[in-house]
Structures are given as C-alpha cells and as structure tokens.
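>
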Amino acid sequence: MKRMIKIVSAFLLTCCFFSATAQYDDAVGIRFEDDWFLGSYKINMSNRMSVEGFGGFDAQGFVSLYKVGAEFQLNTEIPEVESLRWFYGAGAGLVFGDFSRVQAYGTSGLDYTFAEIPLNLSFELMPGMYFGDFGNDFEIDFALSARYILGQ
Numbered sequence: 057m058k059r060m061i062k063i064v065s066a067f068l069l070t071c072c073f074f075s076a077t078a079q080y081d082d083a084v085g086i087r088f089e090d091d092w093f094l095g096s097y098k099i100n101m102s103n104r105m106s107v108e109g110f111g112g113f114d115a116q117g118f119v120s121l122y123k124v125g126a127e128f129q130l131n132t133e134i135p136e137v138e139s140l141r142w143f144y145g146a147g148a149g150l151v152f153g154d155f156s157r158v159q160a161y162g163t164s165g166l167d168y169t170f171a172e173i174p175l176n177l178s179f180e181l182m183p184g185m186y187f188g189d190f191g192n193d194f195e196i197d198f199a200l201s202a203r204y205i206l207g208q
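Counting in the numbering used here, the sequence shown runs from 57 upward without gaps.
1. Let me confirm a value: Val84 is counted as buried when at least 16 other C-beta atoms fall within 10 Å, else exposed. Which label applies?
2. Starting from Ser182, trace the beta strand (DSSP E) in both directions and tell me its first and last residue.
3. Alpha carbon to alpha carbon, what distance is there between Pro135 and Tyr153?
4. Report yes if the C-beta distance between Gly207 and Asp81 is below 8 Å; otherwise report no.
5. So, at 7 Å on beta carbons, what are the nonlocal neighbours of Leu130 in its own chain, with the 5 sequence-adjacent residues on each side left out?
6. Beta-carbon within less than 8 Å of Ala171's beta-carbon, same chain only, minus the 5 sequence neighbours each way: which residues are those?
7. Are there three or more Cβ pairs, one per stretch, closer than 8 Å when the segment 183-196 is compared with the segment 157-167?
8. Hey, out of Thr169, Glu180, Thr163, whose CA is closest to Glu133's CA?
9. Could you tell me whether the Cβ atoms of Leu177 and Ala202 are closer together than 8 Å?
10. Thinking Ala126 and Gly147 are a contact (beta carbons under 8 Å), I'd like their distance in whole angstroms, please.
11. Enumerated in chain order, which unbroken segments of the beta strand (DSSP E) with a length of 3 residues or greater are wholly contained in the segment 82-163?
12. Less than 8 Å between C-beta atoms, sequence neighbours within five positions excluded: which residues of the same chain meet that for Tyr122?
13. According to DSSP, simplified to helix, strand and coil, what is Ile198?
14. So is Gly41 buried or exposed if we call it buried at 16+ other beta carbons inside 10 Å?
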C-alpha cells in the first residue's frame with residue numbers, strides 16, 4: 057500500500073511539473089446541485105488537474121440535511137473556444153442530518169473562465185451511487201457553479 061501511494065504521488069507531481077500553467081489557481085464561489093446550495097472552492101493543481109471541495113445544505117428545507125464532498129478533475133482545452141475547457145473525473149460526498157448517505161460518482165462537464173473579469177462558470181453531469189439509511193440508489197445529478205477567481 058505504501059508503495060502504491062508513493063507511485064501515485066510521484067505520478068501526480070510529475071504531471072504537475074510538466075504541465076502548462078492553468079487559467080487560474082484558486083477560485084471560491086457557489087454551487088447549485090439539484091436541491092443543494094453549496095459553497096465551492098476549486099484549486100487548479102496544473103492545467104490538466106483540478107480539485108474541488110464543497111459543502112452546504114439542502115435548499116428545499118423539508119428536512120435538515122448537510123453535504124460535504126470533493127472531486128478530482130482532469131481538464132482538456134477546447135481549442136475552438138478560448139477559455140473553455142471540458143473535464144472528467146470522480147468525486148465523493150457525505151450527506152448527514154436527519155439521515156445519512158454516502159455518494160460516489162463520476163463527473164464530466166464544461167468550465168469557462170472570463171478573460172475580462174475574475175469569474176469562472178462550470179456545468180457538470182454527475183452519474184453516481186448513493187449508499188445509506190434508505191438503501192442504495194443510482195442518480196444522475198447536475199451542478200452549476202459560479203466562482204470568483206482569487207488573485208486575478
């Protein structure tokens with residue numbers, strides 16, 4: 057296990073070292089995901105790799121629920137449209153409150169950064185599995201994020 061962690065760490069560091077500069081380094085904002093209102097923090101580790109963390113609450117208000125999660129994303133430029141990238145990756149989340157659920161999902165979507173203002177928008181599709189108090193379930197979720205780019 058330790059050997060595998062070292063190999064994965066070396067691979068990620070090598071990818072970061074040899075990749076081009078990302079469009080931005082850090083961004084903070086809001087994320088609307090189905091019935092969830094979440095805060096979002098995204099870090100571009102390189103032009104190819106991003107990590108996003110988020111947390112928030114159920115916006116419907118019928119039950120008291122909170123959610124935290126994270127995603128790892130691989131980014132690819134779309135040459136025909138400047139500042140537009142598509143991404144794919146994987147994520148996990150934890151829902152807790154009136155009941156508990158664990159979520160594991162794949163993710164893919166579009167990420168656009170405005171050149172004139174420090175704003176990043178992304179839209180993603182997230183098919184995944186939920187495991188928890190009410191049994192197991194497959195769902196396809198959507199998310200829309202708007203983030204302020206820090207340091208630009």
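Using N, Cα and C, we set each Cβ at its ideal position, and we do this for glycine too.
Model, not experiment: these values are computed from the prediction.
A quick look at the data gives this:
1. By the C-beta density criterion, Val84 is exposed, having fewer than 16 other C-beta atoms within 10 angstroms.
2. The residue asked about is misnamed: residue 182 is Met in this sequence, not Ser. Its beta strand (DSSP E) spans residues 175-188.
3. Reading off the sequence, residue 153 comes out as Gly, not Tyr. If I take the Cα positions, the gap works out to 44 Å.
4. yes
5. Arg104, Met105, Phe143, Tyr144, Gly145
6. Result list for Ala171: Glu138, Ser139, in chain order.
7. yes
8. Thr169
9. yes
10. 6 Å
11. 82-89, 92-100, 105-114, 121-133, 140-153
12. Take Tyr122, set aside five residues on each side of it, and the residues of its chain with a beta-carbon closer than 8 Å to its own are Gly111, Gly112, Phe113, Asp114, Val151, Phe152, Gly153, in chain order.
13. Per the sequence shown, residue 198 should be read as Phe rather than Ile. Three-state DSSP puts Phe198 in a strand.
14. Absent from the structure is residue 41, since the part of the chain shown begins at 57 and ends at 208.
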